[in-house]
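Enquirer: Protein chains in written order, with our numbering: chain A, 1 to 232; chain B, 1 to 347.
Beta carbons: idealized from backbone N, C-alpha and C, even for Gly.
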Ligand SMILES: Cc1cc2nc3c(=O)[nH]c(=O)nc-3n(C[C@H](O)[C@H](O)[C@H](O)COP(=O)(O)OP(=O)(O)OC[C@H]3O[C@@H](n4cnc5c(N)ncnc54)[C@H](O)[C@@H]3O)c2cc1C
């Protein structure tokens, strides 16, 4: 099919399309089975909670990643897991220090409010909260984090040190002290009431976000108080 | 290995297949003709292709058309067809006849990842992207296939989240060697996934419908998580970069929620947001779904909203509800039929 609809003014394009900028990889490390941290030089300011789009070159559609580092650090970090049939993540995992990647300027509006907050995440959905904590944002009233296995509580040392007892871990497949051996959704469901005036920040895969949002709504939390970041 | 489907391959893909199987180049065109013009369901019907070549084809390929499993008919003539995909998941297509149009609303994914607060499809999670063949099958495997005048990609799924297959389906529908439809009979909807939307705008001539639902960022974020990463102003800015010509239509879909997005202020803000974009707006009545905190605006409020928009010269229609008695809001029927949910969850 021919290219039919062309931009009115091509001079305008560069500002509108998110530009990819070359960044230098500083490290790639596997922090748990199949979970990786990719670090690269930071070129832009950002607000904790924002994302960047990343690609290896300009010929492929970039993928989005939450920034998982402090907004004052020299390096920017993202947290990812390898999707077996995915295009980008298997390649990201093989990068070495000194390689280059293409990254956009940070963007996105999943940013902290001025209210009290509960944060709820699974898997790599912890990433924006890592950035918030490391950037010195006021810790949440609760951080509820779910995983299948004990080694999947990513950044737990950081969260334990900054959030203490309000950091609640839910493990569905293994048991350990101080970790709930159940689904976080089961725990939420059991609560008679949930605070209604605070903001709920949900981040992670679509199914988790939608199911947990429904649970919270069913407990009478107004939808206006629920912020969702979906890793589609 | 299971055999691949031929139905849903573009002419170029068919040419590659023919080459690989050692067939003369002209066979590709003949195949496309049988698949997309004559819509046959067996290789044996392809009588101008040699017996030998038909045998080679059927060794490695199937045609890949599947019948619907179930149909529900509304008192107003709307029909909802339920199909099963190869991986045993359910999708639906809604046939919506009116006096001068026979529209089919097709699905592009099984489930959806976008998590809009008001949408039933999102509640079943995301299962998979439909293949081009599975998208087109909805069009050709219903009894009304030859009567269809319009096609809308407004069923289950976000078309721009499956852009490659959606673009291929549009190529097959609009090419001379395919269904040879005018792209002006097709409307593709999106919540505004900007990168894929650009591809659609640049490489297709079909109409574009954007789900807007609130002109205010903060509120749109509450209704549609996509707003976090692709805010509606950026969607508008992107639209303004292109010349859509006189024939190609952009429309905004606006579901009206009681006391949420139906005030005159919302209407005025909407006008402001839309300025510079030549588009019409469709106001849609919301039919409450289980577990949503939202209810639909009354007819009176919708009329009032429409008046504000029309005073500002925005072409506005209130979309008639169709098939209410069979839950025609896409997504419901298949959700009910959904397979047992995966128990190995991390939440
Ligand atoms: C706002 C936002 C923030 C995000 N933040 C993060 C983050 O912080 N960390 C993170 O890890 N991810 C994040 N994501 C997800 C990320 O953008 C990518 O989608 C993800 O990393 C997978 O990329 P990929 O290229 O490896 O997989 P893709 O190639 O995009 O594939 C995605 C999925 O589809 C499947 N798939 C691919 N091709 C096929 C095929 N032909 N048939 C069937 N299935 C197929 C893959 O198995 C995979 O599961 C975010 C997404 C969004 C929208």
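At the 8 Å Cβ level, is residue 117 (chain B) part of the contact set with chain A, yes or no?
Expert: Translated into positions along the second chain, residue 117 (chain B) becomes position 117. Using beta-carbon distances, residue 117 (chain B) counts as an interface residue toward chain A, with a partner under 8 Å.
Enquirer: Classify residue 257 (chain B) as buried or exposed, calling it buried when 16 or more other Cβ atoms lie within 10 Å of its own Cβ.
Expert: Here residue 257 (chain B) corresponds to residue number 257 of the second chain, with the count starting at 1. With 16 or more Cβ atoms within 10 Å of its Cβ, residue 257 (chain B) is classed as buried.
Enquirer: What residue ranges within the stretch 149 to 174 of chain A form continuous beta strand (DSSP E) runs of no fewer than 3 residues, ordered along the chain?
Expert: 167 to 171
Enquirer: What three-state label does DSSP hand residue 227 (chain A) in the structure shown?
Expert: Position 227 of the first chain holds residue 227 (chain A). Looking at residue 227 (chain A) - three-state DSSP - the assignment turns out to be strand.
Enquirer: Should residue 123 (chain B) be flagged as near chain A, meaning a C-beta pair shorter than 8 Å?
Expert: Here residue 123 (chain B) refers to the residue found at position 123 when the second chain is read from its first residue. At least one chain A Cβ lies under 8 Å of residue 123 (chain B).
Enquirer: Could you confirm whether any beta carbon from chain B is found closer than 8 Å to the beta carbon of residue 79 (chain A)?
Expert: Residue numbering aside, residue 79 (chain A) sits at position 79 when the first chain is read from its first letter. It does not; no Cβ of chain B falls within 8 Å.
Enquirer: Bridge partners for residue 176 (chain A) per DSSP, in chain order?
Expert: The residue labelled residue 176 (chain A) in the question sits at position 176 within the first chain. DSSP output for residue 176 (chain A) lists A:179 as bridge partner(s).
Enquirer: Can you name the start and end residues of the beta strand (DSSP E) that residue 23 (chain A) belongs to?
Expert: Along the first chain, one-based indexing puts residue 23 (chain A) at 23. Per DSSP, residue 23 (chain A) belongs to the beta strand (DSSP E) from 21 to 32.
Enquirer: According to the neighbour-count rule (16 or more other Cβ atoms, all chains shown, within 10 Å of its Cβ), is residue 5 (chain B) buried or exposed?
Expert: Counting from 1 along the second chain, the entry for residue 5 (chain B) is found at position 5. Answer is buried; the Cβ neighbour count reaches 16.
Enquirer: Under the three-state reduction of DSSP, which class applies to residue 13 (chain A): helix, strand or coil?
Expert: Residue numbering aside, residue 13 (chain A) sits at position 13 when the first chain is read from its first letter. Model confidence at residue 13 (chain A) stands at a pLDDT of 41, short of 50, so the residue's coordinates are unreliable and nothing is read from them.
Enquirer: How would you list, in chain order, the residues of chain B whose beta-carbon sits under 7 Å from the beta-carbon of residue 159 (chain A)?
Expert: Numbered from 1 along the first chain, position 159 holds the residue referred to as residue 159 (chain A). Ordered by position in chain B, no residue passes the 7 Å Cβ test against residue 159 (chain A), which lies about 16 Å from the chain.
Enquirer: Beta-carbon within less than 6 Å of residue 151 (chain B)'s beta-carbon, same chain only, minus the 5 sequence neighbours each way: which residues are those?
Expert: Along the second chain, read from residue 1 onward, the residue named residue 151 (chain B) stands at position 151. Result list for residue 151 (chain B): 104 and 186, in chain order.
Enquirer: Does the count of Cβ pairs from the stretch 206 to 215 of chain A and the stretch 114 to 125 of chain B closer than 8 Å reach three?
Expert: By the Cβ test, the stretch 206 to 215 of chain A is in contact with the stretch 114 to 125 of chain B, since at least three Cβ pairs between them sit closer than 8 Å.
Enquirer: Sort B:204, B:231 and B:285 by Cα distance to residue 172 (chain B) and report the nearest one.
Expert: Taking the second chain and counting its residues from 1, the one referred to as residue 172 (chain B) is at position 172. The shortest Cα separation from residue 172 (chain B) among B:204, B:231 and B:285 belongs to B:204.
Enquirer: Can you tell me the Cβ-Cβ gap for residue 169 (chain A) and residue 155 (chain A), rounded? I've got them flagged as a contact below 8 Å.
Expert: Numbered from its first residue, the first chain carries residue 169 (chain A) at position 169. Numbered from its first residue, the first chain carries residue 155 (chain A) at position 155. Between residue 155 (chain A) and residue 169 (chain A) the Cβ distance is about 11 Å, and since that is not below 8 Å, they are no contact.
Enquirer: Closest to residue 137 (chain B) by C-alpha separation, out of B:158, B:84 and B:60, would be which residue?
Expert: Numbered from its first residue, the second chain carries residue 137 (chain B) at position 137. Of the candidates B:158, B:84 and B:60, the one whose C-alpha sits nearest the C-alpha of residue 137 (chain B) is B:84.
Enquirer: Along the chain, where does the beta strand (DSSP E) containing residue 238 (chain B) start, and where does it finish?
Expert: Residue 238 (chain B) sits at position 238 when you count from the first residue of the second chain. In the DSSP annotation of this structure, residue 238 (chain B) is not part of any beta strand (DSSP E); the continuous alpha helix (DSSP H) holding it starts and ends at 232 to 240.
Enquirer: Is any heavy atom in ligand 1 found nearer than 7 Å to the beta carbon of residue 111 (chain A)?
Expert: Reading the first chain from its first residue, position 111 is the one you call residue 111 (chain A). Not under cutoff, so the answer is no.
Enquirer: Measure the C-alpha to C-alpha separation of residue 51 (chain B) and residue 79 (chain B) and round it to an integer number of angstroms.
Expert: Position 51 of the second chain, counted from the start, is the residue given in the question as residue 51 (chain B). Position 79 of the second chain, counted from the start, is the residue given in the question as residue 79 (chain B). Across the structure, residue 51 (chain B) and residue 79 (chain B) are spaced so that their CA atoms are roughly 39 Å apart.
Enquirer: By the three-class DSSP mapping on this structure, what secondary structure does residue 42 (chain A) have?
Expert: Residue 42 (chain A) sits at position 42 when you count from the first residue of the first chain. It is coil, neither helix nor strand.
Enquirer: Any Cβ of chain B within less than 8 Å of the Cβ of residue 58 (chain A)?
Expert: Indexing the first chain from 1 puts residue 58 (chain A) at position 58. No, no contact with chain B.
Enquirer: Check the C-beta distance from residue 346 (chain B) over to residue 213 (chain A) and give it rounded, since I have them as a contact under 8 Å.
Expert: What you label residue 346 (chain B) is simply residue 346 of the second chain in a count that begins at 1. What you label residue 213 (chain A) is simply residue 213 of the first chain in a count that begins at 1. In fact, because the Cβ distance is near 16 Å, the residues do not count as touching under 8 Å.
Enquirer: List the residues that DSSP assigns as beta-bridge partners of residue 79 (chain B).
Expert: Taking the second chain and counting its residues from 1, one reaches residue 79 (chain B) at position 79. In the DSSP output, where bridge partners are listed per residue, residue 79 (chain B) has B:73 and B:95.
Enquirer: Can you name the residues of chain A whose CB is closer than 9 Å to the CB of residue 110 (chain B)?
Expert: In the second chain, residue 110 (chain B) corresponds to position 110, counting from 1. Those within 9 Å of residue 110 (chain B) in chain A number zero; the least Cβ separation is about 13 Å.
Enquirer: Under a CB-based cut-off of 8 Å, is residue 148 (chain A) close to chain B?
Expert: Here residue 148 (chain A) refers to the residue found at position 148 when the first chain is read from its first residue. Residue 148 (chain A) counts as touching chain B.
Enquirer: From this set, A:198, A:173 and A:217, which residue's C-alpha is nearest residue 189 (chain A)'s C-alpha?
Expert: By one-based count along the first chain, residue 189 (chain A) stands at place 189. For residue 189 (chain A), the nearest C-alpha among the options comes from A:217.
Enquirer: Within a Cβ cutoff of 6 Å, which residues of the same chain sit near residue 90 (chain A), ignoring the five residues on either side of it in sequence?
Expert: Counting from 1 along the first chain, the entry for residue 90 (chain A) is found at position 90. The beta carbon of residue 90 (chain A) sits closer than 6 Å to the beta carbons of 82 from its chain, once the five residues preceding and following it are set aside; these are given in chain order.
Enquirer: Let me see if you follow: with CB-CB separation under 8 Å, is residue 15 (chain B) close to chain A or not?
Expert: As a working note, residue 15 (chain B) is residue 15 in the second chain. Chain A, which has no Cβ nearer than 8 Å to the Cβ of residue 15 (chain B), makes this no.
Enquirer: Taking 7 Å as the cut-off, is the C-beta of residue 124 (chain A) nearer than that to any heavy atom in ligand 1?
Expert: Residue numbering aside, residue 124 (chain A) sits at position 124 when the first chain is read from its first letter. Indeed, a heavy atom of ligand 1 lies less than 7 Å from the Cβ.
Enquirer: Compute every distance between the C-beta of residue 145 (chain A) and the non-hydrogen atoms of ligand 1, then say whether any falls below 7 Å.
Expert: The sequence position of residue 145 (chain A) within the first chain is 145, counting from 1. No, the Cβ of residue 145 (chain A) stays beyond 7 Å of every heavy atom of ligand 1.
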